[in-house]
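A.B. asks:
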Amino acid sequence: MNASRQVIILDEISKLATKQEQWEPFSWYKEMRENTPVYYDAEQDVWNVFSYDHVKRVLFDHELFSNKKERSLIPVPRQMDSRSNVNLVDPPEHRKRRALLAQAFTPRSLKDWEPRIQEIVDELITDMERAPVVDIVQKLAIPLPVTVIADLLGVPSRDRNRIKAWSDILFLPYNLEAYDDIEEQKGLAMKEFAEYLYPIVLEKRKHPADDIISDLTKAELEGEQLTDEEVVMSAIGLLGAGNETTTTLISNMFYCMLFDQPGVYQELRADLTLVPKLVEEVLRFRFGATIDRKVARDTDVFGPEMKAGQVVVAWIGAANRDESHFARADAFDIHRPGNQQHLTFGAGPHFCLGAPLARLEANMALASFVKRFADIRKVDGLNLNDHLTASATGQSLKSLPVGLSL
Ligand code: HEM
Numbered sequence: 424m425n426a427s428r429q430v431i432i433l434d435e436i437s438k439l440a441t442k443q444e445q446w447e448p449f450s451w452y453k454e455m456r457e458n459t460p461v462y463y464d465a466e467q468d469v470w471n472v473f474s475y476d477h478v479k480r481v482l483f484d485h486e487l488f489s490n491k492k493e494r495s496l497i498p499v500p501r502q503m504d505s506r507s508n509v510n511l512v513d514p515p516e517h518r519k520r521r522a523l524l525a526q527a528f529t530p531r532s533l534k535d536w537e538p539r540i541q542e543i544v545d546e547l548i549t550d551m552e553r554a555p556v557v558d559i560v561q562k563l564a565i566p567l568p569v570t571v572i573a574d575l576l577g578v579p580s581r582d583r584n585r586i587k588a589w590s591d592i593l594f595l596p597y598n599l600e601a602y603d604d605i606e607e608q609k610g611l612a613m614k615e616f617a618e619y620l621y622p623i624v625l626e627k628r629k630h631p632a633d634d635i636i637s638d639l640t641k642a643e644l645e646g647e648q649l650t651d652e653e654v655v656m657s658a659i660g661l662l663g664a665g666n667e668t669t670t671t672l673i674s675n676m677f678y679c680m681l682f683d684q685p686g687v688y689q690e691l692r693a694d695l696t697l698v699p700k701l702v703e704e705v706l707r708f709r710f711g712a713t714i715d716r717k718v719a720r721d722t723d724v725f726g727p728e729m730k731a732g733q734v735v736v737a738w739i740g741a742a743n744r745d746e747s748h749f750a751r752a753d754a755f756d757i758h759r760p761g762n763q764q765h766l767t768f769g770a771g772p773h774f775c776l777g778a779p780l781a782r783l784e785a786n787m788a789l790a791s792f793v794k795r796f797a798d799i800r801k802v803d804g805l806n807l808n809d810h811l812t813a814s815a816t817g818q819s820l821k822s823l824p825v826g827l828s829l
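If you want our numbering, it's the 1-based position in the sequence shown plus 423.
(1) Excluding five sequence neighbours on each side, which residues of the same chain lie with their C-beta closer than 6 Å to the C-beta of Y475?
(2) Counting pairs of Cβ atoms below 8 Å between the stretch 784 to 796 and the stretch 532 to 543, do you hit three or more?
(3) With respect to the beta strand (DSSP E) encompassing Q818, which residues constitute its N-terminal and C-terminal limits?
(4) Could you work out which residue in R521, K519, L563, S828 is closest to L672 when comparing CA atoms only?
(5) From D484 to K519, what distance separates their C-alpha atoms?
(6) By Cβ distance below 6 Å, which residues in the same chain neighbour M551 in space, the five residues on each side in sequence not counted?
(7) Which of the three DSSP states is assigned to A731 in this structure?
(8) Please report the distance separating the alpha-carbon of I431 from that of L496.
(9) Ligand 2 heavy atoms versus the CB of I572: any closer than 7 Å?
(10) What are the uninterrupted segments assigned as beta strand (DSSP E) that are 3 or more residues long and contained completely in the stretch 673 to 740, given in chain order?
(11) Under the three-state reduction of DSSP, which class applies to S489: helix, strand or coil?
(12) Relative to ligand 1, is the shortest distance from any of its heavy atoms to the C-beta of T668 smaller than 7 Å?
(13) What three-state label does DSSP hand Q467 in the structure shown?
(14) What do you get for R581, buried or exposed, if any count of 16 or more other CB atoms within 10 angstroms of its CB means buried?
(15) Contact between the stretch 655 to 669 and the stretch 608 to 627: three or more CB pairs below 8 Å?
(16) Below 6 Å CB to CB, which residues in the same chain sit around A719 once its five sequence neighbours on both sides are set aside?
(17) Return yes when the Cβ of R759 is within less than 8 Å of the Cβ of E704, no when it is not.
(18) To which residues does DSSP link R800 through a beta bridge?
(19) Grab me the residues of A465's own chain with a C-beta within less than 7 Å of its C-beta, minus the 5 sequence neighbours each way, in chain order.
(20) In terms of residue numbering, what span does the beta strand (DSSP E) encompassing D558 cover?
(21) If T816 sits next to F710, beta carbons under 8 Å apart, how far is it from one beta carbon to the other, in whole angstroms?
(22) What would DSSP say about P530, mapped onto helix, strand or coil?
(23) For R628 and D603, I'd like the C-alpha separation in whole angstroms.
(24) For A750, which three-state DSSP category applies?
(25) Closer than 8 Å by C-beta to V698: which residues in its own chain qualify, once you throw out the five before and the five after it? Chain order, please.
(26) By DSSP's criteria, L811 is part of a beta bridge. Which residues make up the other side?
(27) Nearest CA to the CA of D756: which residue from L695, K730, Q689, Q684?
(28) In the DSSP assignment, the alpha helix (DSSP H) including V793 goes from what residue to what residue?
(29) Using DSSP with H/G/I as helix, E/B as strand and the rest coil, what is L644?
(30) What number of angstroms, rounded off, separates the C-alpha of D545 from the C-alpha of D715?
(31) Determine the contact status of R494 and F473, defining contact as a CB-CB distance below 8 Å.
(32) Assuming L547 contacts L567 under a Cβ cut-off of 8 Å, what Cβ separation, rounded to an integer in Å, is found between them?
(33) Nearer than 7 Å: is that true of the beta carbon of C679 relative to any heavy atom of ligand 1?
(34) Sorry if obvious, but does the Cβ on F449 come closer than 7 Å to a heavy atom of ligand 1?
(35) Apart from the five residues just before and just after I659, which ones in its own chain have a Cβ nearer than 6 Å to its Cβ?
(36) Exposed or buried, S450, counting other C-beta atoms within 10 Å across all chains shown (16 or more means buried)?
Below, the structure written as structure tokens:
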């Protein structure tokens, strides 16, 4: 099979052509939920589901919808398919691998990390005070997650720009025109990232410190320690998974406050306990995530006959706007009961391991920001197109100027 046929290209399914359409895919989601909630794309031989219940079933039912996939939206590079990778595996095997990472997170509970995360947040916010307009993506949404995850792993945070650049490339979505170029970029990023981490892993094996890489060098899987290569690959996985997603969440919080519900900022100023509700509503309202699985055996659970080996894509962003689950789903409403039932962190066995960390970072950043700045405002003449870029979650913000009042 041609390598490019192993990659599923989402834009070829949605046919959403412009950046703007891809940033606001919600009317297309609605059309699909209402007209073809189980849609077969013959060109790529891919099933697509859009309703809340179907998406949740795909994520939960690992016996029918397996993670052992040959074709994928963002294929995991071959080097990462090691016995410590949590991605390409189903329960019960998956449980052992996941426990390994969970174990690596345990010695310092998130509570222990709060002071350090607060320090990073305070530094970034203090830096913004001098300017009347800041680019919130570059000044907060990008540096916060990469600095935190580098710290947790025990990698020098002064290298955060390089770490960020490599992990962005590894998560780049494919498109048909630039397939070979993207593939080459990913190969190179993987090689450089691994070469950078390798000596750090060797050093931590000799002199363990209080960080996740050190824990991974000591952790055992079926009675054997992980090899240096396996630790390197696990570290790349964590550095990548925790980065772009959390950046998207923080950027989107500001977009929602400015454009989806102007005025909500003053509500937060008056009552800081609303901050976590805003974070959850942003996760529900504005996250174009998609997840793919392989159909494990012939089934008609969703109506049409799906064949073993075919791929199914679960459109999480569409499920999160499903009216049969969230009343007035297209309204941004931080007071919505049950908004945390969104599927943005997945569901079932592969539920995001880093969800508590992502939530903590977003909540701490927003609470500190709201305490510091009296108001935020849109800048005149903003052309959204100039601020969007393709990413694993669809179009995402590469920059967003925000006017600030102290
Ligand atoms: C807003 C931020 C985040 C979002 C939206 C997000 C989303 C997701 C989703 C949807 C999955 C499930 C994938 C699947 O079912 O195939 C997942 C898994 C995972 N996430 Fe996150 N994530 C975020 C932040 C993080 C952070 C900060 C980490 C940090 C270390 C992380 C680590 C992981 C890991 C290790 C898995 C694999 C779990 C498994 O397969 O058992 N994520 N994430």
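For glycine and all other residues, C-beta sits at the position ideal for the given N, C-alpha and C.
C.D. replies: For this structure:
(1) As a first step, residue 475 is located in the sequence shown; it is residue number 52 there, counting from the start. Here the set comprises A742, D745, H748.
(2) Taking 8 Å as the limit for Cβ pairs, the verdict is that the stretch 532 to 543 does touch the stretch 784 to 796.
(3) Your numbering for residue 818 matches position 395 in the sequence shown. Start and end: 817 to 820.
(4) Against the sequence shown, residue 672 aligns to sequence position 249. The shortest Cα separation from L672 among R521, K519, L563, S828 belongs to L563.
(5) As a working mapping, residue 484 is identified with position 61 in the sequence shown. As a working mapping, residue 519 is identified with position 96 in the sequence shown. Computed Cα separation, rounded: 18 Å.
(6) The residue labelled residue 551 in the question sits at position 128 within the sequence shown. Excluding sequence neighbours, M551 sits near V557, K562.
(7) As a first step, residue 731 is located in the sequence shown; it is residue number 308 there, counting from the start. Note: A731 maps to coil in three-state DSSP.
(8) Stepping through the sequence shown from its first residue, residue 431 is reached at position 8. Stepping through the sequence shown from its first residue, residue 496 is reached at position 73. So the two alpha carbons sit approximately 5 Å from each other.
(9) Looking at this structure, you won't find ligand 2 anywhere; what it does contain is ligand 1.
(10) 713 to 718, 734 to 738
(11) Residue 489 sits at position 66 when you count from the first residue of the sequence shown. Secondary structure of S489 (DSSP, three-state): strand.
(12) Position 245 of the sequence shown, counted from the first residue, corresponds to residue 668. Yes, ligand 1 has a heavy atom inside 7 Å of this Cβ.
(13) Position 44 of the sequence shown, counted from the start, is the residue given in the question as residue 467. Coil.
(14) Here residue 581 refers to the residue found at position 158 when the sequence shown is read from its first residue. By the neighbour-count rule (16 or more Cβ atoms within 10 Å), R581 is not buried but exposed.
(15) yes
(16) Walking along the sequence shown from the start, residue 719 turns up at place 296. Excluding residues within five positions, the ones whose Cβ falls inside 6 Å are L487, S489.
(17) If you number the sequence shown from 1, residue 704 lands on position 281. If you number the sequence shown from 1, residue 759 lands on position 336. Against a cut-off of 8 Å, the Cβ pair of R759 and E704 comes out as a contact.
(18) Here residue 800 refers to the residue found at position 377 when the sequence shown is read from its first residue. R800 is bridged to G826.
(19) In the sequence shown, counting from the first residue as 1, residue 465 sits at position 42. Correct list: empty, nothing qualifies.
(20) In the sequence shown, the residue the question calls residue 558 occupies position 135. Taken as a continuous stretch (DSSP letters only), the beta strand (DSSP E) holding D558 covers 556 to 558.
(21) As a first step, residue 816 must be located in the sequence shown, where it is residue number 393. As a first step, residue 710 must be located in the sequence shown, where it is residue number 287. Yes, they are in contact, since the Cβ atoms of T816 and F710 sit about 6 Å apart, within 8 Å.
(22) Walking along the sequence shown from the start, residue 530 turns up at place 107. Only weak support is given to the placement of P530: the predicted model assigns it a pLDDT of 46, under 50, and the value that follows is read from those uncertain coordinates. Looking at P530 - three-state DSSP - the assignment turns out to be coil, as it is neither helix nor strand.
(23) One-based indexing of the sequence shown puts residue 628 at position 205. One-based indexing of the sequence shown puts residue 603 at position 180. Each residue's alpha carbon lies about 37 Å from the other.
(24) On the sequence shown, residue 750 is found 327 positions in, with the first residue counted as 1. In this structure, A750 counts as coil in the three-state DSSP scheme.
(25) Locating residue 698 in the sequence shown gives position 275, counting from the first residue. Contacts found: L691, N786, L789, A790, V793.
(26) In the sequence shown, the residue the question calls residue 811 occupies position 388. BP columns for L811 point to L820.
(27) If you number the sequence shown from 1, residue 756 lands on position 333. With distances taken between Cα atoms, D756 lies closest to Q684.
(28) Stepping through the sequence shown from its first residue, residue 793 is reached at position 370. Bounds of the alpha helix (DSSP H) holding V793 are 778 to 795.
(29) Taking the first residue of the sequence shown as position 1, residue 644 is located at position 221. DSSP places L644 in strand when its eight states are reduced to three.
(30) Locating residue 545 in the sequence shown gives position 122, counting from the first residue. Locating residue 715 in the sequence shown gives position 292, counting from the first residue. The C-alpha of D715 is placed about 38 Å away from the C-alpha of D545.
(31) Residue mapping note: residue 494 aligns to position 71 of the sequence shown, counting from 1. Residue mapping note: residue 473 aligns to position 50 of the sequence shown, counting from 1. Not a contact, by the Cβ cut-off of 8 Å.
(32) On the sequence shown, residue 547 is found 124 positions in, with the first residue counted as 1. On the sequence shown, residue 567 is found 144 positions in, with the first residue counted as 1. 6 Å between Cβ atoms; contact.
(33) Position 256 of the sequence shown, counted from the first residue, corresponds to residue 679. Flag unset: Cβ of C679 not near ligand 1.
(34) By 1-based counting over the sequence shown, the position of residue 449 is 26. Result no, Cβ not under 7 Å from ligand 1.
(35) Here residue 659 refers to the residue found at position 236 of the sequence shown. Within the same chain, I659 has close Cβ partners F616.
(36) Translated into positions along the sequence shown, residue 450 becomes position 27. The residue in question, S450, is exposed, as its Cβ has fewer than 16 Cβ neighbours within 10 Å.
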